[in-house]
Amino acid sequence: MGDEKSVSEKFVCMNCGCYFYVESRNDFDCPNCVMSNMVRNIELLSEIYGESND
């Protein structure tokens with residue numbers, strides 16, 4: 106058990122170019138892009154459901 110090493114793989118985000126060393130690239134999402142997408146979605150929702158500036 107003490108001989109097992111955690112193997113890291115390099116994940117390079119194709120959207121923003123940032124890279125991270127992760128245990129598995131298969132189930133990893135770039136935190137920078139996830140946050141950018143969340144902010145973009147919030148902005149779009151606020152335009153749709155927010156108050157009108159007329």
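Just so you know, we're using this note's numbering here: the sequence shown kicks off at 106 and counts up by one.
For glycine and all other residues, C-beta sits at the position ideal for the given N, C-alpha and C.
Simplified DSSP state of E128, which is helix, strand or coil
coil
Y124 beta carbon less than 8 angstroms from that of F116:
yes
Relative to the C-alpha of C135, which candidate in V112, C118, I153 has its C-alpha closest?
C118
Just to check my reading of the structure: C121 and N131 have Cβ atoms closer than 8 angstroms, yes? What is that Cβ distance to the nearest angstrom?
No, C121 and N131 are not in contact; Cβ-Cβ is about 19 angstroms, not under 8 angstroms.
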